[in-house]
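> Quick note on this note's numbering: the sequence shown kicks off at 628 and runs consecutively.
Beta carbons are placed, not taken as given, at the ideal position from N, Cα and C, and that holds for glycine.
Predicted model only: the values in this text are computed from it and were never measured.
Quick one: the structure is below, and I'll ask about it shortly.
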Amino acid sequence: MRKRNNLFAEAFRWIKAHRDYEGKGVKYQKDLAALIGVSEDTITRIMRDQTEVTDDFLCKFNEAFDNIFNYQWLRGEEDEPMLAAELYKRNPQQSAPTIDNGSAINAALAAKDETIETLKARIVDLQQTI
């Protein structure tokens, strides 16, 4: 079996063993297929080594689980670690995982709301002074 297919199969076994990870509840290949938007046949062909897993597929798979896996490991470029968090622990000089866009947007909106409220309070104070 091809190395990348083996690594994907190992990652899938990890997901199944931790199927409550992030509330995603993946137990079967059909669950994974639905989650990442591919056909069940695609996953079956990869697991049976009938087709090589592609970079695009690995990206979709990893993104579906919040990039928990070390992408270089998934691609067969590194022997370990499987999980991205372990990679960061091993090399703290490496940049920390990036914040997702949704969180960044929520933080920016919260900061904007706080600034608006502060400015409104300042306007009321100035009006009372006048």
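1) Our contact map puts Val-653 next to Phe-684 with C-beta atoms below 8 Å; I'd like the distance itself, whole angstroms only.
2) What three-state label does DSSP hand Phe-696 in the structure shown?
3) Should Ile-750 be labelled buried (16 or more other beta-carbon atoms within 10 Å of its own) or exposed?
4) Can you name, in chain order, every residue of its own chain whose Cβ lies under 6 Å from the Cβ of Ile-663, other than the five neighbours on each side?
5) Inspect the CB distances between the region 693–700 and the region 670–679 and report whether three or more fall short of 8 Å.
6) Any idea which residues DSSP pairs Leu-753 with across the strands?
7) Please classify Ile-673: is it buried, with 16 or more other beta-carbons within 10 angstroms of its beta-carbon, or exposed?
8) Using the Cα positions of Asp-658 and His-645, report the straight-line distance between them to the nearest angstrom.
9) Exposed or buried, Leu-753, counting other C-beta atoms within 10 Å across all chains shown (16 or more means buried)?
10) Taking 8 Å as the limit between beta carbons, can you name the residues of its chain near Ala-660, skipping five residues before and five after?
On the basis of the coordinates in this document:
1) Residue 653 sits at position 26 when you count from the first residue of the sequence shown. Residue 684 sits at position 57 when you count from the first residue of the sequence shown. Their Cβ separation, rounded to whole angstroms, is 15 Å, which puts Val-653 and Phe-684 out of contact at 8 Å.
2) Position 69 of the sequence shown holds residue 696. Phe-696: strand per DSSP, three-state reduction.
3) Within the sequence shown, the letter at position 123 stands for residue 750. The residue is exposed, with fewer than 16 neighbouring Cβ atoms inside 10 Å.
4) Start at 1 with the first residue of the sequence shown, and residue 663 comes out as number 36. Excluding residues within five positions, the ones whose Cβ falls inside 6 Å are Lys-687, Phe-688 and Ala-691.
5) no
6) For the purposes of this step, residue 753 is taken as the residue at position 126 of the sequence shown. Per DSSP, none; premise fails for Leu-753.
7) For the purposes of this step, residue 673 is taken as residue 46 along the sequence shown, with counting starting at 1. By the 10 Å Cβ count, Ile-673 comes out buried.
8) By one-based count along the sequence shown, residue 658 stands at place 31. By one-based count along the sequence shown, residue 645 stands at place 18. Each residue's alpha carbon lies about 14 Å from the other.
9) On the sequence shown, position 126 is the one that residue 753 refers to. Leu-753 is exposed by the Cβ-count criterion.
10) By one-based count along the sequence shown, residue 660 stands at place 33. Same-chain partners within the cutoff: Ser-666, Glu-667, Thr-669 and Ile-670.
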